[in-house]
Structures are given as structure tokens and as C-alpha cells.
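Student: Have a look at this one.
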Amino acid sequence: MLIGICSDTHDHVEHINKAVAKFKEHNVSRVIHAGDYCSPFTIPLFNGLKLDGIFGNNDGDKFLLMKKFDEIGATLHGDFYSFEEEKLKFAVYHGTYPEITESLENCEKYDVVISGHTHQAKVGAAGDTITINPGSVNGFDQDPLIALFDTDTKQVRFIELTD
């Protein structure tokens with residue numbers, strides 16, 4: 551199964567549209583957004599994807615964000631989300647507090663920990679836990695990126711949104 555991962559869209563409509571197109575092109579089964587949409591007006595751009603998200607530290611009107619998620623059949627889980635897919639346990643946290651991110655990565659409860667916040671793409675490991683930061687769809691500090699995670703191979707691939 552292929553899971554799309556993104557974070558830190560920060561209202562960048564052009565890059566969000568490119569991210570959605572890439573997710574559809576790669577036929578992802580679901581998309582995980584690790585927060586910082588910022589404004590609710592961007593959420594309908596994700597329509598047509600099986601989207602699960604969490605809040606980031608720059609998300610403004612949380613009630614309207616939840617409403618916009620609901621309108622497209624997506625789910626906004628709050629500040630933290632854990633789920634199981636293909637016998638892998640996932641944790642999703644924006645990353646606002648690095649100590650919490652590190653605790654999730656090192657607690658040995660999750661197979662995959664997804665975070666954002668830093669705008670820096672990174673794949674790592676903490677023991678047997680795979681750690682993924684997809685970078686920023688907005689592209690603040692580097693090229694705008696999304697990530698794809700293959701649950702069979704446990705490989706992560708970054709895709710640039712510049713083309």
C-alpha cells in the first residue's frame with residue numbers, strides 16, 4: 551500500500567494543487583497531513599483523496615478547519631493521530647515540541663512516526679521505528695515536497711513539487 555504524506559502547506563494553493571495531483575498520479579491509498587494548513591479555504595483542494603490530518607501550530611480557525619474536513623469526507627484528528635495500516639502502527643504529531651516528537655520516536659510503540667513543523671525533509675530511524683518528516687509543501691526552506699511511504703517495502707520516496 552502506498553501512503554501519501556505531507557505537511558506545512560501554509561496556504562500555498564499552487565503547491566497544494568501539485569501535491570494533490572502527484573498523490574492521485576501515484577494512486578495513493580490515503581494521505582496523511584501533519585498539520586499547518588493555516589487557513590480553512592485550502593482544505594477543499596484535497597477533495598477526492600482519503601485524507602487524515604492533525605493540527606499544526608499555525609492553524610487558525612480550528613472549528614472551520616474541522617468543518618471543511620468534514621465537507622470533503624476527510625478526518626481531522628486533533629493534535630495527535632495514531633492508526634494501524636498493513637500491520638504497521640503509525641503515530642502522527644506536527645512536531646511543535648521536539649521533546650514530544652523524540653518521545654514518540656523512541657517509545658518503541660510505533661513502527662512509523664510522522665511529523666512536520668521543521669520544513670526539513672528527513673527519513674531516519676530510532677531503533678526499529680521509521681521516522682518521516684515530509685518537509686514542506688509550501689517550500690519555505692527547500693524545494694516544496696511530499697513523501698510517499700510504501701508499507702510493503704517500508705521505503706520513503708520524496709517528490710518535488712517544482713515541475
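Under this note's numbering, the first residue of the sequence shown is numbered 551, with each subsequent residue one higher.
By construction, the Cβ of each residue, glycine as well, lies at the ideal position given by its N, Cα and C atoms.
Since the model is a prediction, treat every value here as computed from it, not as a measurement.
Taking T646 as the reference, which of K637, H667, E658 has the closest Cα?
Tutor: Counted from its first residue, the sequence shown places residue 646 at position 96. Residue H667 is the option with its Cα nearest to T646.
Student: Give me whichever residues DSSP pairs with A671 in a beta bridge.
Tutor: In the sequence shown, counting from the first residue as 1, residue 671 sits at position 121. The partner list for A671 (beta bridge, DSSP) reads P684.
Student: Taking C-alpha atoms, which residue in L638, F596, I682 lies nearest to F619?
Tutor: Locating residue 619 in the sequence shown gives position 69, counting from the first residue. The shortest C-alpha separation from F619 is found at F596.
Student: Could you tell me the distance, in whole angstroms, from the CA atom of N577 to the CA atom of A675?
Tutor: Residue 577 sits at position 27 when you count from the first residue of the sequence shown. Residue 675 sits at position 125 when you count from the first residue of the sequence shown. One C-alpha to the other measures close to 26 Å.
Student: Smallest Cα separation from L601: which of A569, H565, D611, E649?
Tutor: As a first step, residue 601 must be located in the sequence shown, where it is residue number 51. Comparing Cα-Cα distances from L601 to each of A569, H565, D611, E649, the minimum goes to A569.
Student: So for A697, helix, strand or coil by DSSP?
Tutor: The residue given as residue 697 occupies position 147 in the sequence shown. Of the three classes helix, strand and coil, the one that applies to A697 here is strand, per DSSP.
Student: What residues are listed by DSSP as bridge partners for L601?
Tutor: Position 51 of the sequence shown, counted from the start, is the residue given in the question as residue 601. According to DSSP, L601 bridges with V581.
Student: Within 10 angstroms of the Cβ of K612, are there 16 or more other Cβ atoms? Answer buried if so, exposed if not.
Tutor: Indexing the sequence shown from 1 puts residue 612 at position 62. Label assigned to K612: exposed.
Student: Just verifying my parser: in three-state terms, what is the DSSP assignment at I555?
Tutor: Stepping through the sequence shown from its first residue, residue 555 is reached at position 5. In this structure, I555 counts as strand in the three-state DSSP scheme.
Student: Report the partner residues of F633 according to the DSSP bridge assignment.
Tutor: Here residue 633 refers to the residue found at position 83 when the sequence shown is read from its first residue. Bridge partners of F633: F640.
Student: So, under 8 Å CB-CB, D656 and Q670 are touching, yes? Tell me the CB distance rounded to an integer number of Å.
Tutor: In the sequence shown, the residue the question calls residue 656 occupies position 106. In the sequence shown, the residue the question calls residue 670 occupies position 120. Per the sequence shown, the amino acid found at residue 656 is Asn instead of Asp. Not confirmed; about 19 Å, so no contact.
Student: I need the boundaries of the beta strand (DSSP E) containing E658, first residue and last residue.
Tutor: Numbered from 1 along the sequence shown, position 108 holds the residue referred to as residue 658. Note, E658: premise wrong, no beta strand (DSSP E); not H, not E.
Student: Please list, in chain order, all residues of the same chain as T701 whose beta carbon is under 8 Å from its beta carbon, the five residues on each side excluded.
Tutor: The residue you call residue 701 lines up with position 151 of the sequence shown. Excluding residues within five positions, the ones whose Cβ falls inside 8 Å are M551, L552, I553, E635, E636, L638.
Student: Kindly indicate the opening and closing residues of the alpha helix (DSSP H) around I593.
Tutor: Position 43 of the sequence shown holds residue 593. Element bounds for I593: n/a, residue is neither H nor E.
Student: If I follow the unbroken beta strand (DSSP E) through S566, where does it start and stop?
Tutor: Counting from one through the sequence shown, the residue named residue 566 turns up at place 16. Inspection of the sequence shows that residue 566 is occupied by Ile rather than by Ser. Unbroken run through I566 is the alpha helix (DSSP H), 563-575; no beta strand (DSSP E).
Student: Using beta-carbon positions only, say whether A624 and G603 come within less than 9 Å of one another.
Tutor: Indexing the sequence shown from 1 puts residue 624 at position 74. Indexing the sequence shown from 1 puts residue 603 at position 53. Their beta carbons are under 9 Å apart, which means A624 touches G603 by this criterion.
Student: Using a Cβ-Cβ cutoff of less than 8 Å, which residues in the same chain neighbour D586 once the five nearest sequence positions on both sides are dropped?
Tutor: In the sequence shown, the residue the question calls residue 586 occupies position 36. If we look at D586 and ignore the five residues flanking it on each side, its Cβ neighbours are S557, D558, T559, H560, G606, N607, N608, D609, H644, G666, H667.
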